[in-house]
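Below you'll find the structure, written out as structure tokens, and then a few comments.
In our numbering, the protein residues as written are 4 to 376.
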């Protein structure tokens, strides 16, 4: 969920707007006006008008596809680095030049520096660690943490806790009661659809092109895709359905600006069994976010929280702390993405491979270090 105070851009925002946003979150960004009307009970014309008003004021941001490129051979690792004094401008210059780094953010917590999102061909999984080790060798960082993202899922919000004027409001003692109950349970089943060993899908150039188009604009018309790739609309439909059923397209969502100012919470956990009695708790609060997985015992939680909610959230973590092998807590802000670099540019259509050449990246680092001396 993007940050920003939408109340400065749309007044008045009322309960109907909140209800429509909640239905959109639950049904997905590509749902029709008629589906939203059925979900909310409001006339379709009312839904259509309010959606357009929220889009015009950028409360509601363009729909996008939730894609899982690992199933097509492109992995992702979050590299959190603790930077040394004066190194930030040098590192950011490197980030802009290294094609595997598609965005980064400033971060504070156990590590103070950057959270870097690094893409790599799954045939060369050592690239993120190699980059971090070279940054460390050059004296740009003093320490780092790696989280290899094997799968993820959207954490839906419960919009009955979202007030159109006051923003999110939740009594965290309710969450604390749920945590205590879950910790006493005997369940071993994690309430997740994540898979730590996702299968790789065979795909052709048209699959790649369609996925890239949906990544950029989830609302692109299938007739336009058919024209672009020289296919029939039926063929495009079949290809999209195949990508969806294989989990390469995990769904569709419309991002919206938060109603109150929030901080980007990023929590990385290593958990001892029973994992389910910890992870299931992160599905029972009302806030929107995402759950990311490296393995059954290594998880991440990403969400936006108003500062006033931190005490209640942290008290919940206190209850789970005895079961945590490790916990890395980070606050991210100021997200940066190189507009000239597209993640899908890493795919070479001629070789039909994702190309993430570490030798090129090391040369970039060497050249920038030489310039800075």
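Just so you know, even glycine gets a beta-carbon here, dropped at the ideal spot from N, CA and C. Treat the numbers as computed from the prediction; the structure is a model and nothing was measured.
{"Asked": "Does the region 49 to 67 come into contact with the region 78 to 94, if we say contact requires no fewer than three beta-carbon pairs (one atom in each stretch) closer than 8 Å?", "Found": "no"}
{"Asked": "Evaluate residue 46 with the Cβ neighbour count: other Cβ atoms within 10 Å of its Cβ, from every protein chain shown; 16 or more gives buried, anything less gives exposed.", "Found": "exposed"}
{"Asked": "Quick one: what does DSSP say residue 166 is sitting in, helix, strand or coil?", "Found": "strand"}
{"Asked": "Pull up the distance between the alpha-carbon of residue 153 and that of residue 200, whole angstroms please.", "Found": "7 Å"}
{"Asked": "Can you confirm whether the region 253 to 268 touches the region 89 to 99 when touching is taken to mean that 3 or more C-beta pairs between the two stretches lie within less than 8 Å?", "Found": "no"}
{"Asked": "Just list the residues that DSSP pairs residue 60 with in beta bridges.", "Found": "Paired residue(s): none; residue 60 is not in a bridge."}
{"Asked": "If I measure Cβ to Cβ from residue 209 and keep anything under 7 Å in the same chain, skipping five residues before and after, which residues do I get?", "Found": "232, 234, 242"}
{"Asked": "Does residue 297 pass the burial test, meaning 16 or more other C-beta atoms within 10 Å, or should it be called exposed?", "Found": "buried"}
{"Asked": "Alpha carbons only, please: which of 115, 239, 102 is nearest the one belonging to residue 342?", "Found": "102"}
{"Asked": "Compute the Euclidean distance between the alpha carbons of residue 350 and residue 181, then round it to the nearest angstrom.", "Found": "45 Å"}
{"Asked": "Assuming residue 400 and residue 254 make a contact with CB atoms under 8 Å, what is their CB distance in whole Å?", "Found": "Nothing can be reported for residue 400: it is not among the residues displayed for the chain, which extend from 4 to 376."}
{"Asked": "Output yes or no for whether 8 Å exceeds the beta carbon distance between residue 287 and residue 178.", "Found": "yes"}
{"Asked": "May I ask you to list the residues that DSSP assigns as paired with residue 83?", "Found": "118, 148"}
{"Asked": "Would you check if the distance between the CB atom of residue 218 and the CB atom of residue 347 is smaller than 8 Å?", "Found": "yes"}
{"Asked": "Taking residue 326 and residue 281 to be in contact with their CB atoms under 8 Å, please state how far apart those CB atoms are, rounded to whole angstroms.", "Found": "5 Å"}
{"Asked": "Buried or exposed: where does residue 94 fall if 16 or more other Cβ atoms within 10 Å of its Cβ makes it buried?", "Found": "buried"}
{"Asked": "Go ahead and pull the three-state DSSP assignment for residue 70.", "Found": "strand"}
{"Asked": "Short check: CB of residue 166 to CB of residue 157, under 8 Å?", "Found": "no"}
{"Asked": "Just to confirm, are residue 1 and residue 260 a CB contact at a threshold of 8 Å?", "Found": "With the chain covering only 4 through 376, there is no way to say anything about residue 1."}
{"Asked": "Under 8 Å, with one C-beta from each stretch per pair, do the region 50 to 60 and the region 103 to 111 reach the 3-pair mark?", "Found": "no"}
{"Asked": "Does residue 21 come out as helix, strand or coil in the three-state DSSP assignment?", "Found": "helix"}
{"Asked": "Quick one, which of 225, 120, 285 has its alpha-carbon nearest residue 185's?", "Found": "285"}
{"Asked": "Please classify residue 337: does DSSP put it in a helix, a strand, or coil?", "Found": "strand"}
{"Asked": "Counting C-beta neighbours from all protein chains within 10 Å, is the total for residue 292 16 or more, i.e. buried, or is it exposed?", "Found": "buried"}
{"Asked": "Starting from residue 132, trace the alpha helix (DSSP H) in both directions and tell me its first and last residue.", "Found": "130 to 140"}
{"Asked": "Exposed or buried, which one is residue 222 when buried takes at least 16 other CB atoms within 10 Å?", "Found": "exposed"}
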